[in-house]
Structure formats: structure tokens, C-alpha cells
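When the count follows my numbering, it moves up by one through the sequence shown with no breaks and lands on 229 for the last residue. The block underneath contains the structure these notes are about, expressed in C-alpha cells.
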Amino acid sequence: MTYREATLYFYTGTGNSYRVATWLAEAARDAGAAVTLRPIGAARPVEEIGQGESALLGLVMPTHGFTAPWAMLRFALRLPRRRSTRAVVIATRAGGKIGPLFTPGIEGTATCLIALILALKGCRCESCMRCMGYCPTRAVEANYLLGIGVYLLAALIPTSALLAWLTARAPALAFLSGTPRWVLESVYALVALGLLYPLLHFLLGVGWINRFFTFITPTHYYRRYHEPEATLKELE
């Protein structure tokens, strides 16, 4: 099918989704369409998205946790309704690398979830780790062990102790060990994280503590990847 116009939006951290979006834009231009290519942060969808079967809307994104990134979900939910506009959804999934082995990526529900949102908005459908990938000093890291520690010390252990104390004195409260327990643990964890974060920020100014957390941070040893030809300026 020939399109008169193509509006393509991308969300990317490594540059993979940007590169795929540029390939899609080149193909649309070669087919004679007027193309708009923008990151979702600079999008003006009310003005830019055409209507009808001669208009194409494309969303290109990475896969986060086997589904669409929240930023793209929020963007899709805020798009205007367009009757019969054709849509294409592309999810890149670079996978991972363990030693010399590359593992395949898993898209999960990424494209079908976004496609469902677009269908509900009237479209006809046929899926960021930028800071970490591009940081020149490799300063951006994520400490999973800290998260596990917060969960154990601030959620699991206190909640278990509290529920044991309550049920020993009031057996009727045993139902709290079900779903309410998870709610209680989540509240505990959020409060604890809010209290511990300023303390952690202060402690990281102490040399040996900083080195210790660096040593136990898995992302310190990760391969920092971004699409080789994609510049940071192109992603903004």
C-alpha cells in the first residue's frame, strides 16, 4: 500500500530503536511519502499524525522487562484518536551478552500492548538506557544488591516479625499474611528507600564505602552498549 504521509516516533536508550526508525523513514521516503521522524519527547502528535488509510503512524521502541517501556505506553495513551490511520509498531530486543555468548531478546507483550492501545484509538495496526550507554565516564550504575538489601531489611524481615506478633495475639488477623502482606511490604520498602537514599548519598562520599559499593554493583562490569553509528545528539 502507498502512503501519502508517514509519522514515525521513536523511544530509545542505546540507539537501536532510532536506527530502525531511520530505516523505516528511508523506506517510506523512497515510496513517495512525506515523512516526519521524531523522538517521543519532541513529538506534536495532534499536528503531525494524519488521518485515513493513506496516513501511517509508526512507533519504534526497545523492550523493557518483556513489555513496552512505560514512557512509550504513556505516550501511546495520550495520542489523539485517528480514524482508519494505519499503524506499525516495532520493538527492538537486543538481548544480552554472557561472556562470549549472546542471548536472544524477548519482546513479550511489547508490540501487542501498544497495538491494542492504537486500535482503541481508531488506528488500524498491521514494539532507555541512554544515560548508561552513552556516559563517557561510565558513571551510571545500578546496584541490584542494594535493592535486595532494602527489601530484606526494610520489608520482608520487619513485616514477617510484625505479622507473627499480631497473629500470635489475634489469630483472626492471619488473613493479613495474604495479599495485604505484599501491600504492607511495598509501603515499608518505599518509606525505607526514601529514608536510606540521603544516607547512601552521604556515605558514597567516603572513599572506601564508595569502592565497596562499586565492587558489588553488577552494572560496573557490564558491557556499555549503544548502536555504533548513533550519536547522542540524534537521540535527543
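Yeah, the Cβ is synthetic: ideal placement off N, Cα and C, and Gly gets one too.
Name the residue from Arg174, Ala165, Val133, Arg74 whose alpha carbon lies nearest to the alpha carbon of Pro151.
Within the sequence shown, the letter at position 158 stands for residue 151. Checking every option, the nearest Cα to that of Pro151 belongs to Arg174.
Ser120 versus Val28: straight-line alpha-carbon distance, rounded:
Within the sequence shown, numbered from 1, the residue matching residue 120 stands at position 127. Within the sequence shown, numbered from 1, the residue matching residue 28 stands at position 35. Summary for Ser120: the model assigns pLDDT 44, below 50, so the residue's position carries little reliability, and this model does not support an answer.
Close Cβ partners of Val199 (< 8 angstroms) along its chain, the five nearest in sequence each way excluded
As a working note, residue 199 is residue 206 in the sequence shown. Correct list: empty, nothing qualifies.
Just the Cα atoms here: how many angstroms apart are Arg67 and Leu146?
Locating residue 67 in the sequence shown gives position 74, where the first residue counts as 1. Locating residue 146 in the sequence shown gives position 153, where the first residue counts as 1. Rounded to the nearest angstrom, the two C-alpha atoms are 33 angstroms apart.
Identify the residues that DSSP records as bridge partners of Ala182: which are they?
Indexing the sequence shown from 1 puts residue 182 at position 189. Paired residues: none, contrary to the question.
So, helix, strand or coil for Val176, using DSSP?
As a working mapping, residue 176 is identified with position 183 in the sequence shown. The three-state reading of DSSP puts Val176 in helix, counting H, G and I together.
Per DSSP, Leu49 forms a beta bridge with which residues?
Within the sequence shown, numbered from 1, the residue matching residue 49 stands at position 56. Paired residues: Ala(-1), Arg79.
Between the CA atoms of Arg76 and Arg(-3) - distance to the nearest angstrom:
For the purposes of this step, residue -3 is taken as residue 4 along the sequence shown, with counting starting at 1. For the purposes of this step, residue 76 is taken as residue 83 along the sequence shown, with counting starting at 1. If you take the alpha carbons of Arg(-3) and Arg76, they lie about 16 angstroms apart.
Inter-stretch contact at 8 angstroms, needing at least 3 Cβ pairs: the segment 15 to 26 / the segment 103 to 118:
No, the segment 15 to 26 is not in contact with the segment 103 to 118.
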